[in-house]
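The next block holds one structure in the form of structure tokens; read it before the comments.
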Amino acid sequence: MKRATGTDRAFGLAVVVLLILAAIAALLPLFYVLSISFSTEKEYLTRGFYLIPKKFTLDGYLYLMAHPGFRSAFRNAVVISVVGTVINMAFTTLMAYGLSKPWLKGRGTINFLVVFTMLFSGGMIPTYLVVNALGLIDTFWSLWLSSAITAFNLVVMRGFFRTIPIELEESARMDGSGEWRLLTTIILPLSLPAVATFTLFYLVYNWNTYFSAILYLNDNRLMPLQVFLRQMLIEDDPSISNASSVEYHYTPAAKMAAIIITAMPLLIVYPFLQKHFNKGVLLGSVKG
Numbered sequence: 230m231k232r233a234t235g236t237d238r239a240f241g242l243a244v245v246v247l248l249i250l251a252a253i254a255a256l257l258p259l260f261y262v263l264s265i266s267f268s269t270e271k272e273y274l275t276r277g278f279y280l281i282p283k284k285f286t287l288d289g290y291l292y293l294m295a296h297p298g299f300r301s302a303f304r305n306a307v308v309i310s311v312v313g314t315v316i317n318m319a320f321t322t323l324m325a326y327g328l329s330k331p332w333l334k335g336r337g338t339i340n341f342l343v344v345f346t347m348l349f350s351g352g353m354i355p356t357y358l359v360v361n362a363l364g365l366i367d368t369f370w371s372l373w374l375s376s377a378i379t380a381f382n383l384v385v386m387r388g389f390f391r392t393i394p395i396e397l398e399e400s401a402r403m404d405g406s407g408e409w410r411l412l413t414t415i416i417l418p419l420s421l422p423a424v425a426t427f428t429l430f431y432l433v434y435n436w437n438t439y440f441s442a443i444l445y446l447n448d449n450r451l452m453p454l455q456v457f458l459r460q461m462l463i464e465d466d467p468s469i470s471n472a473s474s475v476e477y478h479y480t481p482a483a484k485m486a487a488i489i490i491t492a493m494p495l496l497i498v499y500p501f502l503q504k505h506f507n508k509g510v511l512l513g514s515v516k517g
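Residue numbers for the sequence shown follow the working numbering, beginning at 230 and rising by one.
The structure is reproduced here in structure tokens:
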């Protein structure tokens with residue numbers, strides 16, 4: 230084994246220092262937001278920048294828990310994320326499985342159309358007209374069906390399915406397994422890294438739904454959490470909103486608490502899926 234030279238050690242130390250600085254730069258804003266969420270409005274206005282509040286308070290979180298608009302937005306975000314991710318994974322998995330089979334007639338044409346949508350789309354206005362013609366405006370279905378499949382995720386998952394040995398499928402068919410049983414009992418269990426990876430991708434996308442919600446939802450009772458956060462900032466900013474029309478006054482602690490609560494679900498879910506993340510993306514993309 231080659232012994233590390235002074236240059237190698239210096240390079241390694243420089244890399245470690247850069248990574249530490251990058252970690253601090255990434256975590257510092259989060260710690261700042263967290264500290265303000267536990268602070269009083271007076272302390273925020275008088276102290277300036279700080280990371281540890283002098284007096285911890287839960288007033289910002291308690292205010293949000295009692296706010297009907299926040300509770301409704303949080304509930305909507307959960308419904309949109311959970312149901313939307315299930316729909317995304319069902320559509321993506323079934324289509325990727327079919328396109329991974331060489332005997333599928335018209336497979337080349339379908340693959341071309343899938344890749345074509347990665348480069349060109351119908352556009353925002355035509356998509357809106359289609360959603361409106363289907364009567365999906367002001368329903369969650371407008372969010373779920375308009376983004377049911379992401380072409381990139383479909384292509385990578387198709388590549389992952391191709392890496393599974395054909396001998397396993399042949400053995401299962403000799404035992405009398407049909408396509409559905411083959412998919413659910415053999416293909417999907419062996420594809421757990423890809424399934425976990427794209428579940429995380431779709432979950433993050435659905436949880437952060439913002440533009441589509443503004444485009445397709447007019448009823449405030451259906452608005453997700455990201456839209457509520459935007460409204461919190463606009464209603465309290467006199468340069469953007471009309472001060473006479475402000476219904477609520479959101480303290481800095483309440484605003485930061487809303488950001489923390491919004492980020493927390495993904496921070497909790499990510500560690501459970503992270504171990505499959507690299508394997509799922511790399512294997513599907515390299516061998517696809």
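All C-beta atoms, glycine included, are put in the ideal place defined by N, C-alpha and C. No experiment lies behind these values; they were computed from the predicted model shown.
Measure the alpha-carbon distance for residue i versus residue j and round it to whole angstroms.
i    : j    : result
S371 : Y445 : 6 angstroms
S375 : D237 : 51 angstroms
L250 : W436 : 29 angstroms
I339 : F389 : 18 angstroms
D404 : S420 : 21 angstroms
K283 : M485 : 17 angstroms
I469 : V246 : Interpretation of I469 is limited by its pLDDT of 47, a score under 50 that renders its predicted location unreliable; no figure is taken from the coordinates.
A252 : I489 : 18 angstroms
Y439 : M347 : 21 angstroms
M294 : F381 : 38 angstroms
L342 : I443 : 28 angstroms
A239 : T426 : 36 angstroms
L363 : A306 : 23 angstroms
P494 : K334 : 42 angstroms
G337 : L242 : 50 angstroms
P500 : T428 : 13 angstroms
L496 : S441 : 23 angstroms
S329 : I393 : 10 angstroms
A254 : V262 : 13 angstroms
L291 : L248 : 37 angstroms
G351 : Y434 : 20 angstroms
M331 : F349 : First, the residue type needs correcting, since residue 331 is Pro and not Met in the sequence shown. One C-alpha to the other measures close to 26 angstroms.
L458 : L365 : 24 angstroms
E270 : T414 : 56 angstroms
A401 : L323 : 18 angstroms
With burial defined as no fewer than 16 other Cβ atoms inside 10 Å of the residue's Cβ, what is the status of residue i: buried or exposed?
i    : result
R387 : buried
G289 : buried
G313 : buried
N361 : exposed
T234 : exposed
M461 : buried
Y326 : buried
I378 : buried
S474 : Note that S474 has pLDDT 46, beneath the 50 cutoff, so the model's placement of it is unreliable and no number is given.
V359 : exposed
V344 : exposed
V384 : buried
S268 : buried
A482 : buried
T321 : buried
I354 : exposed
F265 : Here the sequence assigns Ile to residue 265, which means Phe is not the residue at that position. Classification of I265: buried, given that the 10 Å Cβ count is 16 or more.
F303 : buried
I316 : buried
V515 : Any reading at V515 must be qualified, since the residue scores a pLDDT of 49, below 50, and its modelled position is unreliable; the value itself is stated next. With fewer than 16 other Cβ atoms within 10 Å, it is exposed.
Please report the residue range of the alpha helix (DSSP H) in which residue i lies.
i    : result
W332 : Per DSSP, W332 belongs to no alpha helix (DSSP H) and is neither H nor E.
I253 : G235 to S266
T275 : E270 to R276
M403 : I395 to M403
D288 : D288 to A295
T426 : L421 to W436
P355 : M353 to A362
Y445 : F440 to Y445
S371 : W370 to S375
N382 : A380 to R391
L411 : E408 to L411
Return the residue from the list the options that minimises the CA-CA distance to residue i.
i    : options                   : result
M318 : W436, A423, Y292 and I497 : A423
A492 : I354, L432 and P418       : L432
L417 : R391, L242 and R304       : R391
T480 : E272, V244, Q503 and L257 : E272
S310 : R450, F430 and A487       : F430
V308 : R450, A487, I463 and M324 : R450
A487 : R402, L502 and L287       : L287
Heavy atom of the ligand NAD less than 7 angstroms from the Cβ of residue i, yes or no?
i    : result
N361 : Summarising the ligand content, the structure contains no ligands, and the ligand NAD is consequently not present.
Cβ contact check for the stretch 389-399 and the stretch 278-293: 3 or more pairs under 8 angstroms: no
At least three beta-carbon pairs within less than 8 angstroms, the stretch 405-419 to the stretch 365-383: no
Stretch pair the stretch 288-303 + the stretch 451-465: three plus CB contacts closer than 8 angstroms: yes
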